[in-house]
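Before any comments, here is the structure.
Numbering (my numbering), first residue to last: 185 to 523.
So this is what it looks like as structure tokens:
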């Protein structure tokens, strides 16, 4: 898999198209999404926001018509000018037209609505307390709908083991997506459409570019391995110090591709130097001595990483997320053993 197989459209995308579902950006995306069998994800907070914005735009449009009637009474004689109706009825009818257009747009996709069952509310409050995106300062302090939407998307991706294309013009959405290898951000819908229209050769070109200059990824892997607990399988041995001497990427696969980022899986050969302490008993003596020795261990480590890339050069700019499949590093070497 090289492309996301689910997509999320932020309200900033729909608002940017003025909720015109026949716009070039939306109408050109629809058949491409159908060809790639993309599931359209619709978190509950986003659906609520869409309906609220449609309601606001309906009221604003009717207010503009009412203002035109007052400022230019001659418009009443124009046969195409809509007749005045009761405000409540007008709101209901105009909003109904907009919702009908929305429904027709959604019917072109396989839509998966997302609720809150898999969302960790305590985690969202931690984002809020620490102003972690999409929360921020000032007007961005109360971004709870976006925070819940991101949490819904991340939970869906984790539950289904999939990758989600997140299309949003909101820079805080982009910052929030950086924390998740499964959420690939696109600044615009045409950028995603262009990617989906591309061929698999782009994926192979990116893979080759990463492997030709792997130092940033290797450094990130070394840092992650160094943070793992190191355990000696023999309780008689103690590890009191260690360092990563080398990292070599043995295999790498691009599993999801965004416009300026990608997610990869990897296998890496890691050499670790460990300083081991143990008590050595001597046959001819009743006493024992404390021995110390540096040992070199080679291990295969696997995991995934999300990389920010330069689309023009395919250079790796930053490793935004990296996780290892292993939870600890085992040391097997047993030097000494004179008896």
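For each residue, glycine too, the CB sits at the ideal point set by N, CA and C.
These figures come from a predicted structure and were not determined experimentally.
Do you know how far the Cα of residue 333 is from the Cα of residue 311?
13 Å
Whole-angstrom distance between residue 458 and residue 483, CA atom to CA atom:
13 Å
I need the straight-line Cα distance from residue 523 to residue 460, nearest angstrom please.
Caution applies to residue 523, whose pLDDT of 47 falls short of 50 and renders its modelled position unreliable; the model cannot decide the point.
State the CB to CB distance for the pair residue 448 and residue 431, rounded to an integer number of angstroms; the pair is presumed to be in contact (CB under 8 Å).
Not really, about 15 Å apart at Cβ, beyond 8 Å.
Could you have a look at residue 222 and say whether DSSP puts it in helix, strand or coil?
coil
Cβ pair residue 491, residue 394 closer than 9 Å:
yes
Should the region 225-233 be called in touch with the region 283-302, which here means at least 3 C-beta pairs below 8 Å?
yes
DSSP beta-bridge partners for residue 369?
350
Run of the beta strand (DSSP E) containing residue 394, from where it starts to where it stops
That residue, residue 394, is in no beta strand (DSSP E); its alpha helix (DSSP H) goes 385-396.
Could you tell me the distance, in whole angstroms, from the CA atom of residue 508 to the CA atom of residue 485?
7 Å
How is residue 303 classed by DSSP in three states: helix, strand or coil?
coil
Assuming residue 481 and residue 456 make a contact with CB atoms under 8 Å, what is their CB distance in whole Å?
5 Å
In terms of residues, what are the limits of the alpha helix (DSSP H) holding residue 401?
399-410
Helix, strand or coil for residue 523, going by three-state DSSP, please let me know.
Confidence is the limiting factor: at residue 523 the pLDDT is only 47, short of 50, which leaves the residue's position unreliable, though a coordinate-based value still follows. Coil, per DSSP.
Whether residue 415 touches residue 428 by CB criterion (9 Å)
no
So, for residue 390: in the same chain, excluding its five sequence neighbours on each side, which residues have a beta-carbon less than 8 Å away from its beta-carbon?
438, 441, 446, 493, 498
When burial is assigned at 16 or more other CB atoms within 10 Å of the CB, is residue 191 buried or exposed?
buried
Could you give the residue range of the beta strand (DSSP E) that holds residue 498?
No beta strand (DSSP E) holds residue 498; DSSP gives it neither H nor E.
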